[in-house]
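Here the structure comes first, spelled out in structure tokens, and everything after it is commentary.
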Amino acid sequence: MKSRRSSSFNAGSTADIAFLLLVFFLLVTTMQSEVGMQRKLPQLSNETPTAPIADHNILPIFVNSKGDLMVNQEYLELDGLRSLVKTFVDNNKLGTCTYCQGDGLENLSDSPKKAVVSITSDRNASYATYISVQNEIAAAYNELRNEMAVREYGVEFDDLKGDVQEIILRSYPMIVSEAQVELGSAVATAP
Amino acid sequence: MSHIKKDKVRETPAVSTASLPDIVFMLLFFFMVATTMREVTLKVAVNKPQATEIQKLERKDLVTYIYVGTPRDETLYGTEPRVQLDDQLGTVDDVQTFVVVAREEINEAEQPLMTVSIKADGEVKMGLISDIKQELRKAQALKINYSTMPAIDAAGMIESNL
Chain A
0 MKSRRSSSFN AGSTADIAFL LLVFFLLVTT MQSEVGMQRK LPQLSNETPT APIADHNILP
60 IFVNSKGDLM VNQEYLELDG LRSLVKTFVD NNKLGTCTYC QGDGLENLSD SPKKAVVSIT
120 SDRNASYATY ISVQNEIAAA YNELRNEMAV REYGVEFDDL KGDVQEIILR SYPMIVSEAQ
180 VELGSAVATA P
Chain B
0 MSHIKKDKVR ETPAVSTASL PDIVFMLLFF FMVATTMREV TLKVAVNKPQ ATEIQKLERK
60 DLVTYIYVGT PRDETLYGTE PRVQLDDQLG TVDDVQTFVV VAREEINEAE QPLMTVSIKA
120 DGEVKMGLIS DIKQELRKAQ ALKINYSTMP AIDAAGMIES NL
């Protein structure tokens, strides 16, 4: 009888210990997972770029201090940017791009590999506006890539294998150039 | 008989607390798995902008964070947006040194993989962000990550960012 009784111990305090640990973890940890937009900055060099880019291969986007957008010398709402970037990139003016669906307009890009989206933001523009613009450009490219994946391979881009994804990524490379307007300077000329 | 009846009335059935530790431990494990440790105490208020086209940040040990926002303690630091590097408020000029020092702490083979995550408040002006980016280019830290909040749809994102 005696030995059997000693085998059970008082488990009443395990709850308190567990609560203590729980409170500790609640205090020192955060719930947010780290997500964001990955970008690569260009190398810093003093040399001026030599190869000029034709005007029709650049889509100039200007962001003013109020968060308004000007694209191709015209005022544009943010929700119209995505489709505009898509038509610009997918334009296929030269007709050399076999996977493009564009109309080959005169004033838009030669091929996706030549297309450059240029963002010029005012120093007083808000970061949130800039992120929205970057997001819409990325969304346009992602939609183009996904459309190509469905067209050529019959599945969504995310379901493709790594090397096939690489082919599509190279077919639609995201080339974004960034410039910044100094305070008070004119925004008349495209970069 | 009467004796037994009396006893029954007096005895209230106690709620068994034997499973309480198990429940709490379950909660504990959930929080241990689902959360991450806080890196630093924030001295600036950062309300990150929303975005939909986002990727998860991998390899946390290779990530260096730069926080940008208005100081929480306005009486001490004012209302102008400031840059927080580790636990201190700094200026844009400190960014280059900070990044170089942070890179030195990483294993040499993996130094090119270092990512700098910019956690900036949506209200911060682009001028400050551009200056920071320029400093990062000087420090040869070219892989960056704009830290954002996940947005459910594009329309909601645009509305919240304006």
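Going down the list, the sequences are from chains A and B. Counting in numbering that gives the first Met the number 0, the first sequence runs from 0 upward without gaps. Counting in numbering that gives the first Met the number 0, the second sequence runs from 0 upward without gaps. Even for Gly, the Cβ is constructed at its ideal location relative to N, Cα and C.
Checklist line | A/S184 versus B/G121 - alpha carbon distance | finding: Here A/S184 scores only 42 on pLDDT, less than 50, and its place in the model is too uncertain to base an answer on.
Check: Between the stretch 85-104 of chain A and chain B, which residues of the former have a C-beta closer than 9 angstroms to a C-beta of the latter?
Finding: none
Margin query: With DSSP as the reference, identify every bridge partner of A/A50, one or two as the case may be.
Written below: For A/A50, which the question treats as bridged, DSSP gives no partner whatsoever.
Next item on the list: Compare the C-alpha of A/L77 against each of A/L93, A/V175 and A/Y129 and name the closest.
Entry: A/Y129
Note to self: Can you tell me whether B/N144 is helix, strand or coil according to DSSP?
What the structure shows: strand
Notebook entry, point to check: In its own chain, which residues sit with a C-beta less than 8 angstroms from the C-beta of A/L68, not counting the 5 before and 5 after it?
Noted result: I60, F61, V62, Y74, L75, E76, L77, L80 and V132
Check: Who are the Cβ neighbours of A/V34 in its own chain at under 6 angstroms, not counting the five residues just before and after it?
Finding: none
Next item on the list: Mind listing, in chain order, the continuous beta strand (DSSP E) runs of no fewer than 3 residues lying wholly within the stretch 106-157 of chain A?
Entry: DSSP runs (the beta strand (DSSP E)) wholly in the stretch 106-157 of chain A: 115-121.
Notebook entry, point to check: Can you find a CB in chain A that lies within less than 9 angstroms of the CB of B/I128?
Noted result: yes
Check: Is it true that the CB of A/V88 sits closer than 9 angstroms to the CB of A/A114?
Finding: Cβ atoms of A/A114 and A/V88: closer than 9 angstroms.
Item checked: Residue from A/E165, A/V27, A/D162 and A/V175 with nearest C-alpha to A/A139 -> A/V175
Margin query: For B/T78, tell me which candidate among B/L88, B/L41, B/E103 and B/T69 has the shortest Cα-Cα distance.
Written below: Closest option to B/T78, Cα to Cα, is B/T69.
Check: If we ignore side chains and look at the alpha-carbon of each, how far apart do A/V163 and A/S170 end up?
Finding: 11 angstroms
Notebook entry, point to check: Buried or exposed: B/D60, going by 16 or more other Cβ atoms within 10 Å of its Cβ?
Noted result: Around the Cβ of B/D60, a 10 Å sphere holds fewer than 16 other Cβ atoms; the residue is exposed.
Note to self: Counting only C-beta atoms, is A/V62 closer than 9 angstroms to chain B at any point?
What the structure shows: yes
Check: Helix, strand or coil: which one does DSSP assign to A/P190?
Finding: Reliability fails at A/P190, whose pLDDT of 34 lies under 50, so the model's placement of it is uncertain and no value is given.
Check: Among the residues of its own chain, which have a CB less than 7 angstroms from the CB of A/G66, if the five just before and after it don't count?
Finding: A124, S125 and T128
Checklist line | DSSP-derived helix/strand/coil call for B/S116 | finding: strand
Next item on the list: Using three-state DSSP, classify B/G126 as helix, strand or coil.
Entry: helix
Next item on the list: Using DSSP bridges, identify the partner residues of A/F61.
Entry: DSSP lists A/M69 and A/T119 as partners of A/F61.
Notebook entry, point to check: Using a C-beta cutoff of 9 angstroms, does B/S15 count as contacting chain A?
Noted result: no
Next item on the list: Give the DSSP bridge partners of B/P149, in chain order.
Entry: B/A50
Notebook entry, point to check: If you run the structure through DSSP and keep just helix, strand and coil, what is A/M36?
Noted result: strand
Note to self: Using only the alpha-carbon positions, how far apart do B/L75 and B/D85 sit?
What the structure shows: In a straight line, the C-alpha of B/L75 is about 18 angstroms away from that of B/D85.
Next item on the list: Would you mind working out which of B/L112, B/N106 and B/A140 sits nearest B/F97, comparing C-alpha positions?
Entry: B/A140
Next item on the list: Kindly indicate which residue of A/V116, A/I118, A/G101 and A/S108 has the alpha-carbon position closest to the one of A/M147.
Entry: A/G101
Note to self: Less than 9 angstroms between the C-beta atoms of B/T114 and B/T63, yes or no?
What the structure shows: yes
Check: Within this structure, are the beta carbons of B/V45 and B/R81 separated by less than 9 angstroms?
Finding: With respect to the 9 angstroms criterion, B/V45 and B/R81 are not classified as neighbours on the basis of their beta carbons.
Item checked: Alpha-carbon spacing of A/E142 relative to A/T86, whole angstroms -> 11 angstroms
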